[in-house]
Amino acid sequence: MSHWTLDAIKAVIGGTWLARPESPPGPVHGACVDSRACGPGQVFFALRGERADGHSFLPDAAAAGAALAVVTSPEALPEGWRARIGPMAVLHTPDSGAALLRLAAAHRRRLDSTRVIAVGGSNGKTTTVRLLSAVLGSTLRGSASIKSFNNAVGVPLTILGANRSHQYLVCEVGTNAPGEIAPLAQVIAPDLAVITSVGREHLEGLATLAGVAAEEASLLGGLVPGGLAVLPAGVEALAGPARKRLAQVAGATAVTFGFGEDADLRVTDCAHERREGGVCLRFRVNAREWYDVPLAGRHNALNATAALAVARRLGVAPDAAREGLRRVEPAELRMQVARVPVLGGRVEVFNDAYNANPESMLAALETFAELAGGSTRRVAILGDMLELGDAAPDLHREIGEAIAAGDRADLVVTVGPLAGFIAERLSRSWPAERIVPIEDPAHAPSAARLLRAGDAVLLKGSRRMALERVAAALAADAPTRPAGAKGPAPTPATPLP
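Numbered according to my numbering, the sequence shown terminates at residue 1346, and the numbering increases by one at each position without gaps.
So this is what it looks like as structure tokens:
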């Protein structure tokens, strides 16, 4: 965040001073909503969350060096707070969350020399942000969203963390209900907008695939005049909403990417290679240049191609972009491949446990089947796919149908009541000993008992399932026992204790 003065901030967000130091602090820069993450000179926005109220941590933010706190409820401030905040200023506004967005929008307008890229889509957003950072960072100075900062709090924090000297800024944008992306798109005002994919996500709020497509397409409404949309080719549900949004932006253009011949940037010759230190994805674009990306999953070739489209628009040389892709690392819990030693050998873990919807789970199973083919046994541990509304049972059965129809796993462990519909469908095609349902997600770590040397295991489920606990349990026990040594595998009627 470029430097602001207290008066300039107040002019943008309004409000009333509750505390104002006689001697103004130095330049104010950066923002935080967690007092533990605050740094000197930052603005602390006191937000009320499900688990904590930021107002309670005003003294902690002051101790961390925050120059200004923006609060909504003075009555919620801790007793004696005035004596505990030192030189920090305190500004009262009707809504500190709205104030955060207003300040971010004002800061975005200051970034007149920074090319701003927004990344939305049903799957692959965080990975695409990392790919963009690697490709653009090979030549340019800039910053990007950290972790999955993609909501009405994370997006403004990302913008306020940018410096006017930056040449690029990448903002991830997410949604789980209609109308969430459009206001964020206006705050971001992207020069380029990437939609990675459109799939059956958050149907509890977005209802249908058409609803998902319309919500994702609203990102394009924030494009600046002459902006560029980078879109997945061949997605019928997206085509109409995207055209409508782009027609509202003067001079906006679009480029598409995909595996099909209708894509402007077509991914060809895509294959995995096993290399020392891990897995590499090798592919070409338009049957010409070769690219190597140390990520698993053919879908990541599409994400990388979207990043290349942005790089080309920003003038990054092809060789620099190619080298940037070679250096990217997988985001945490996104198809991370690791080998866990156990007595008698090792277990290869494909940890894709960050989140799941039908398309991402099918993609994970396809990748797993391809890369784990040389293992003694392929074990898929699959958790509930949440927020799918009334369609959830059938969408889980669809996963079971795909597994039964293809050679994707030798043993399937389902975790959670919804994932039980995967087991239900499999039970019509597979013998009982190949299916292990665990209804209570709290018991998920006990699935590590089933694993033995030579196995490959896929972990995939929605975030609340936290299936990475299986990998942690396997690693914790690995030094002392052979995996799979704690008795016989449970039957489908006997969930693991």
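Where a beta carbon is used, it is the ideal one built from N, C-alpha and C, also for glycine.
For the beta strand (DSSP E) containing residue i, name the first residue and the last one.
| i | result |
| --- | --- |
| Asp830 | Summary: the structure shown does not reach residue 830, with the chain confined to residues 850 through 1346, and so no result is reported for it. |
| Lys1309 | Asp1304 to Lys1309 |
| Gly1127 | Gly1127 to Val1134 |
| Phe1106 | Thr1102 to Gly1107 |
| Leu1237 | Leu1237 -> no beta strand (DSSP E), and no H or E assigned at all. |
| Arg1188 | Gln1185 to Val1191 |
| Ala918 | Leu917 to Val920 |
Which two residues bound the contiguous alpha helix (DSSP H) that contains residue i?
| i | result |
| --- | --- |
| Asp1256 | First-last for Asp1256: undefined, no H or E at that position. |
| Asp1326 | Glu1317 to Asp1326 |
| His956 | Ser945 to Arg959 |
| Gln1035 | Ile1030 to Ile1037 |
| Ile1271 | Gly1269 to Leu1275 |
| Thr977 | Lys974 to Leu985 |
| Thr1007 | Gly1003 to Leu1009 |
| Glu1085 | Glu1085 to Ala1096 |
| Leu907 | Leu907 to Ala912 |
| Leu1069 | Per DSSP, Leu1069 belongs to no alpha helix (DSSP H) and is neither H nor E. |
| Glu1053 | Leu1052 to Leu1055 |
Could you give the DSSP three-state label for residue i: helix, strand or coil?
| i | result |
| --- | --- |
| Gly1164 | coil |
| Thr1045 | coil |
| Trp853 | strand |
| Phe1217 | helix |
| Val1228 | strand |
| Glu1178 | coil |
| Thr865 | strand |
| Val882 | coil |
| Asp1118 | strand |
| Pro874 | coil |
| Arg1124 | strand |
| Pro1346 | A caution first: Pro1346 carries a pLDDT of 35, below 50, which makes its placement in the model too unreliable to give a value. |
| Lys859 | helix |
| Asn1200 | strand |
| Gly1249 | helix |
| Val1159 | helix |
| Val892 | strand |
| Arg1147 | coil |
| Gly969 | strand |
| Asp1111 | coil |
| Trp930 | helix |
| Ala1293 | helix |
Is residue j closer than 9 Å to residue i when the C-beta atoms are compared?
| i | j | result |
| --- | --- | --- |
| Gly1232 | Ala1205 | yes |
| Tyr1203 | Arg1312 | yes |
| Arg959 | Ala1038 | no |
| Arg1094 | Thr1117 | no |
| Ser992 | Gly1003 | no |
| Leu1308 | Val1285 | no |
| Leu980 | Ala1088 | no |
| Gly879 | Ala948 | no |
| Gln1016 | Leu1033 | no |
| Ala1258 | Leu1214 | yes |
| Trp853 | His941 | no |
| Val1189 | Ala983 | no |
| Ala938 | Leu907 | no |
| Val1098 | Leu1080 | no |
| Ala1229 | Val1306 | yes |
| Leu1006 | Ala953 | yes |
| Ala955 | Val861 | yes |
| Arg1246 | Arg1283 | no |
| Tyr1140 | Ala1155 | no |
| Val1043 | Val965 | no |
| Ala1170 | Ser945 | no |
| Ala925 | Arg897 | yes |
| Ala1225 | Asp1326 | Going by the sequence as given, residue 1225 is Thr instead of Ala. Cβ atoms of Thr1225 and Asp1326: not closer than 9 Å. |
Would you list the one or two residues that DSSP bridges to residue i?
| i | result |
| --- | --- |
| Tyr1017 | Arg964 and Gly991 |
| Asp902 | Arg897 |
| Thr1024 | Thr1024 is not bridged to any residue. |
| Thr1263 | Leu1231 and Pro1286 |
| Thr942 | Paired residues: none, contrary to the question. |
| Leu1080 | Thr1105 |
| Gly1194 | Val1191 |
Should residue i be flagged as near chain C, meaning a C-beta pair shorter than 9 Å?
| i | result |
| --- | --- |
| Ser1278 | As a matter of chain content, chain C is missing from the structure shown, which is built from one protein chain. |
Say yes only if the C-beta of residue i is nearer than 8 Å to one or more non-hydrogen atoms of the ligand HEM, and no if none qualify.
| i | result |
| --- | --- |
| Glu1050 | As for the ligand HEM, it is missing from this structure, which has no ligand bound. |
message = Count Cβ pairs between the segment 955-971 and the segment 1059-1072 that sit closer than 8 Å; are there 3 or more?
response = yes
message = Does the segment 911-921 come into contact with the segment 884-902, if we say contact requires no fewer than three beta-carbon pairs (one atom in each stretch) closer than 8 Å?
response = yes
message = Measuring CB atoms only, is the segment 1138-1148 touching the segment 1180-1189, in the sense that at least three cross pairs come out at less than 8 Å?
response = yes
ask   = Taking contact to mean at least 3 C-beta pairs separated by less than 8 Å, is the segment 1049-1056 in contact with the segment 1113-1131?
value = no
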